[in-house]
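Notes follow the structure.
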Amino acid sequence: MLGFRLPFRLGSLPGRAERPWNRWFGDRGEREAARSLRRQGMTILSRNYRTAQGEIDLIARDRETLVFVEVKTRRQGEPAEAVTLAKQRRVTLAALHFLKRHGLLDAPRPVCCRFDIVAIVWPEGWGRPQIEHLPDAFEAVGPPGQFFR
Numbered sequence: 001m002l003g004f005r006l007p008f009r010l011g012s013l014p015g016r017a018e019r020p021w022n023r024w025f026g027d028r029g030e031r032e033a034a035r036s037l038r039r040q041g042m043t044i045l046s047r048n049y050r051t052a053q054g055e056i057d058l059i060a061r062d063r064e065t066l067v068f069v070e071v072k073t074r075r076q077g078e079p080a081e082a083v084t085l086a087k088q089r090r091v092t093l094a095a096l097h098f099l100k101r102h103g104l105l106d107a108p109r110p111v112c113c114r115f116d117i118v119a120i121v122w123p124e125g126w127g128r129p130q131i132e133h134l135p136d137a138f139e140a141v142g143p144p145g146q147f148f149r
């Protein structure tokens with residue numbers, strides 16, 4: 001026992017709601033993934049695009065291609081293996097929502113899209129993360145023709 005009370009909880013900042021550690025860790029991975037993609041020449045258009053169907057961690061532009069990016073951050077192992085078929089389906093539905101919302105399904109020229117994964121292994125302590133970018137990691141999951149008028 002310290003013998004006195006701190007005006008805030010350890011591990012949190014005054015005036016901020018506490019965030020679960022895994023959410024903080026995931027956000028840290030998403031920031032690192034965005035930085036890595038920018039270094040590769042991509043433009044980040046959106047972070048944490050949320051819909052009722054699912055969430056897309058990052059939406060980027062790689063030249064003329066719209067890229068929907070799922071980021072997985074782990075301490076060890078193979079983060080990309082956590083992108084299950086169910087997760088791919090949710091990302092696909094969120095991407096479809098994004099395309100419809102921005103009128104890109106009705107665009108005069110078809111919009112080229114792809115689904116990437118950025119897998120990050122961040123070791124304990126202050127080690128540098130290992131970042132693996134997997135372009136075109138999976139195809140849209142769902143009924144055929146869902147991305148067409």
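Count the sequence shown with full-length UniProt numbering and you get residues 1 to 149, in order. Glycine included, each C-beta is placed from N, C-alpha and C at the ideal position.
* Asked: Given a threshold of 16 other Cβ atoms within 10 Å of its Cβ, counted over all protein chains shown, does LEU34 qualify as buried or as exposed?
  -> The sequence position of residue 34 within the sequence shown is 34, counting from 1. Reading the sequence as shown, one finds Ala at residue 34 and not Leu. ALA34 comes out buried.
* To do: Give every residue of the same chain whose Cβ lies closer than 8 Å to the Cβ of GLU139, excluding the five residues on either side of it in the sequence, and list them in chain order.
  => On the sequence shown, position 139 is the one that residue 139 refers to. Residues of the same chain with a CB within less than 8 Å of the CB of GLU139, apart from the 5 flanking positions on each side, are PHE115 in chain order.
* VAL91: buried (16+ other C-beta within 10 angstroms of its C-beta) or exposed? -> As a first step, residue 91 is located in the sequence shown; it is residue number 91 there, counting from the start. Buried: at least 16 other Cβ atoms inside 10 Å.
* Within its chain, find whatever has a CB closer than 8 Å to the CB of LYS72; leave out the 5 residues flanking it on each side and keep chain order. => Here residue 72 corresponds to residue number 72 of the sequence shown, with the count starting at 1. GLY29, PRO79, ALA80, ALA82, VAL83, ILE117, VAL118, ALA119, ILE120, listed in sequence order.
* Same chain only: Cβ atoms within 6 Å of LEU37, ignoring 5 sequence neighbours per side -> Reading the sequence shown from its first residue, position 37 is the one you call residue 37. ALA60.
* Taking just the CA atoms, how far does ILE56 sit from LEU105? -> Mapped onto the sequence shown, residue 105 falls at position 105. Mapped onto the sequence shown, residue 56 falls at position 56. Looking at the two C-alpha atoms, the distance is approximately 18 Å.
* **Simplified DSSP assignment, three categories, for LEU134** => Translated into the one-based positions of the sequence shown, residue 134 becomes position 134. LEU134 falls in the strand class under three-state DSSP.
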